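Taking full-length UniProt numbering, the leading residue of the sequence shown gets 1, the next gets one more, and so forth.
Glycine included, C-beta positions come from ideal geometry on N, C-alpha and C.
The structure presented is a predicted model; accordingly, all values stated were derived computationally and were not measured.
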Amino acid sequence: MRDWLVIGLTALPADTAQVRRTLAALPPSLLPPAAGTWHENKRAGFAASRTLLLSTVAQLPPELRPADAVASLRDRTAGPPWWSVSHTAGFAACVWSTAGRCGIDIESASRTVNGGAVMARYFAAEEQAWLSGLPPEARQTRFLDLWTRKEAVIKALGRGIAGHLDRIVFGPERNEPVRLPADCPDVSLHVRTEMISGLHLAIAWQGDGDVHILRSGF
């Protein structure tokens, strides 16, 4: 049986009242005790992403769905299936994977960043070299594309950003990394990228690369 990826995309709640309604509709066991102290953007991202996860899991074949979806959302490492979420200005995204641990990241194509400072901290020397060699008009697009792939991979590997992103190295020609941290397990890792509604989206997953892909919301 082929494995599945289910990818979801949704708009964030439009205002504080909608954030509160969306959070109130979630199962209470999903809400961390600290949720009431979060800033508005984090509350909106959490509300939208968990609501999206609960709706998209129903698109998996019945025999591949978790017995208790709410319990699955309390531990993203307890798959199969595995899941990941991301949110940026105005949108939240999620992925469910039956193939192996997964990661997703989205970034707005209009986002402005201090590329030089970010590259110096999080990109390997060879990545900085090929990005810096691009025309200015292409550099921002490739920078955001590379950043989302790095974030998706770091999530699929179960690592934190600090001390790891510059050790996940991509070349200019392919989606998958050309080098992973030396202490990573020997895994089969796949990466897929898309541009959707002005968003860079990247998904990474461990396991078989030949998967069914379903989309929800786009």
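- In this structure, residue 97 lies near residue 5, with their beta-carbon atoms less than 7 angstroms apart.
- Pairing residue 148 with residue 212 gives a Cβ-Cβ distance that is not under 7 angstroms.
- Using a Cβ distance threshold of 7 angstroms, residue 64 and residue 50 do not count as a contacting pair.
- The three-state secondary structure of residue 201, taken from DSSP, is strand.
- Excluding the 5 residues flanking it on each side, residue 62 has no same chain C-beta neighbour closer than 6 angstroms.
- DSSP places residue 195 within a strand segment (E or B) once states are collapsed to three.
- A Cβ-Cβ separation of about 16 angstroms leaves residue 89 out of contact with residue 104 under the 8 angstroms criterion.
- In this structure, 124 is the residue among 215, 207, 124, 138 with its C-alpha nearest to the C-alpha of residue 171.
- Under DSSP, residue 85 shares a beta bridge with 94.
- In this structure, residue 216 and residue 56 form a Cβ contact; the two beta carbons are roughly 5 angstroms apart against a cut-off of 8 angstroms.
- Ranked by how close their Cα comes to the Cα of residue 111, the residues 16, 142, 85 have 142 in first place.
- Positions of the beta strand (DSSP E) runs, each at least 3 residues long and wholly inside the region 127–215, are given as 189–196, 199–206 in order along the chain.
- When the beta-carbon positions are compared, residue 186 and residue 99 stay at least 7 angstroms from each other.
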